[in-house]
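Report on the structure given below.
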Amino acid sequence: MFDTTMCSLPLAPGLGYKPQHFADIMQDVGRTRWFEIHAENYMGQGGRPLAQLDALASRFPISVHGVGLSIGGEGPLDADHLARLKTLCDRINPASFSEHLAWSSHGAEYLNDLLPLPYTNASLSRICDHIDQVQGTLGRKMLLENPSSYLAFSESTWSEPDFLREVSKRTGCGLLLDVNNVFVSATNLEFSPQDYIAAFPLEEVGEIHLGGHDEDEDDHGKPLLIDSHGREIADPVWALLDLTLAHSGPRPLLVEWDTDVPDWPVLSAEADRAAHALTRVFV
Numbered sequence: 038m039f040d041t042t043m044c045s046l047p048l049a050p051g052l053g054y055k056p057q058h059f060a061d062i063m064q065d066v067g068r069t070r071w072f073e074i075h076a077e078n079y080m081g082q083g084g085r086p087l088a089q090l091d092a093l094a095s096r097f098p099i100s101v102h103g104v105g106l107s108i109g110g111e112g113p114l115d116a117d118h119l120a121r122l123k124t125l126c127d128r129i130n131p132a133s134f135s136e137h138l139a140w141s142s143h144g145a146e147y148l149n150d151l152l153p154l155p156y157t158n159a160s161l162s163r164i165c166d167h168i169d170q171v172q173g174t175l176g177r178k179m180l181l182e183n184p185s186s187y188l189a190f191s192e193s194t195w196s197e198p199d200f201l202r203e204v205s206k207r208t209g210c211g212l213l214l215d216v217n218n219v220f221v222s223a224t225n226l227e228f229s230p231q232d233y234i235a236a237f238p239l240e241e242v243g244e245i246h247l248g249g250h251d252e253d254e255d256d257h258g259k260p261l262l263i264d265s266h267g268r269e270i271a272d273p274v275w276a277l278l279d280l281t282l283a284h285s286g287p288r289p290l291l292v293e294w295d296t297d298v299p300d301w302p303v304l305s306a307e308a309d310r311a312a313h314a315l316t317r318v319f320v
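Going by this note's numbering, the final residue of the sequence shown carries number 320, and the count climbs one at a time with no gaps.
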C-alpha cells in the first residue's frame, strides 16, 4: 500500500533548486514557497549537496522530480535506482514525487534524453505495472508528467489525455501537467493546445510546470519548438496557463530553468509572475 495523498505542496509558486542560489534563497526567498530537485542529483551518500538539501528541506516543502526511472521502458525498472530513490525520499519526506511518461534506457544502456512511446494497450499495461512498483516501493503516490513531443506514432490507439487518464484510473497515481510541454507538442504536431487542456483530466493534477523553449524550424520550414528549459517562459505559455487555471483552479506552480541558469533575481521574477497568475484564480 502507499500514501494516497496526491501532494502537500502549497498553492503557490515554486522554483527548480540550483546550488548556486543557496545563499540567495536563505537570505531572501521572495514569493517562492517551495523547491523542486532532480532526484538523480542527490543519490550520493553525503557531502555538500545533501547537506544543502537537508537545510533547504528544513525550511521549505520539496518536490522530488525523477528523470531516470524510464517508466515507459520495455524492460523492468532498475531495482538499484529505485532503492536509491527510496533512500532519498525517506530522508527528506518530500511533499511530492513525480516522473515522466517517457523512456530513457534499454537494457544496460542509459540515454541522456526522455524519449516518447506509442500510446497502445501494451504500453499502457507496462507503464501501469511500473507505476504500481514505484508507488509500492516508495510508499507514496507519484505524479506522472505529460511529455514534450516532436513526433507521433502511427500505432497509437489512445490520445495522450485519455492515456494519462486511464493510467491514473488504473494505478491511483496523480498527474503533473507541464503547460509548456503542451504548447511545444501542439506546435510541433499541429493540434490545438486549448483542446488538449479541455480534454485533460485536470481533477488528477497535483502540480503544474512551466518552462522556456527554443524556436527552430524543421526540414520543411515549419516551426519546431524545443523544450530546453533554458530561457524565460514565453507569453503564449503564460496565456495557456491562465486558461488551465481557469478550469482547474489553483495548483502548485513550478518554474523550471535548467540550462543557461540566470542569477537569482531573474528566477525570482518568474516566480512573481506565477504568483500573479495564481492570484487571478484565487480572487
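Built from N, CA and C at the ideal position, the CB exists for glycine as well.
- For V219, the enclosing alpha helix (DSSP H) covers residues V216 to L226.
- Residue range L290 to E293 is occupied by the beta strand (DSSP E) that includes V292.
- With 16 or more other CB atoms across the displayed protein chains lying within 10 angstroms of its CB, E244 is buried.
- By the beta-carbon neighbour count (other beta carbons within 10 angstroms, threshold 16), A120 is exposed.
- Of all alpha-carbon atoms in H246, P98 and D253, the one lying nearest the alpha-carbon of W294 is that of H246.
- Using a 10 angstroms sphere on the CB of G112, the tally of other CB atoms stays under 16, which defines it as exposed.
- Relative to S135, the option among F97, R70 and M179 whose CA is nearest is M179.
- By the Cβ neighbour-count rule, L188 is exposed, with fewer than 16 other Cβ atoms within 10 Å of its own.
- The alpha-carbon separation between P98 and L46 amounts to approximately 6 Å.
- When DSSP reads this structure, I263 sits in a beta bridge with D251.
- Residue pairing of S133 in beta bridges, as defined by DSSP: S100.
- For P260, same chain residues with a beta-carbon under 6 Å away, outside a window of 5 residues either side, are T224 in chain order.
- Assigned with DSSP and collapsed to three states, R268 falls in coil, not helix or strand.
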